[in-house]
Amino acid sequence: MEEVRQNLLPDFERIGIQAYDMFTPQAIIRAQAIYFRSVLHDWPDDKRRDILEDVKAADFLPE
Numbered sequence: 001m002e003e004v005r006q007n008l009l010p011d012f013e014r015i016g017i018q019a020y021d022m023f024t025p026q027a028i029i030r031a032q033a034i035y036f037r038s039v040l041h042d043w044p045d046d047k048r049r050d051i052l053e054d055v056k057a058a059d060f061l062p063e
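The sequence shown begins at 1 in full-length UniProt numbering and counts up one residue at a time.
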């Protein structure tokens, strides 16, 4: 993660990068943005739903 922080986002001090298990509740509540890259297409519909339900439970996505 440090390599990403140093090489891709050197000017974005307000952005936090955090790895976590997508099948556990979100670690950060009320984030302004959550970015998934090349993730959802790898999972069947039921697992994608689980991932996005955890994001919704973190009070990020509007109902």
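Just so you know, even glycine gets a beta-carbon here, dropped at the ideal spot from N, CA and C. Being a predicted model, the structure only gives us computed values, none of them experimental.
Is the beta carbon of residue i less than 8 Å from the beta carbon of residue j?
i, j, result
"aspartate 59", "isoleucine 29", "yes"
"glutamine 26", "aspartate 46", "no"
For residue i, which residues in the same chain have their Cβ closer than 8 Å to its Cβ, ignoring the five residues on either side in sequence?
i, result
"alanine 57", "Pro25 and Gln26"
I need the boundaries of the alpha helix (DSSP H) containing residue i, first residue and last residue.
i, result
"leucine 52", "45–57"
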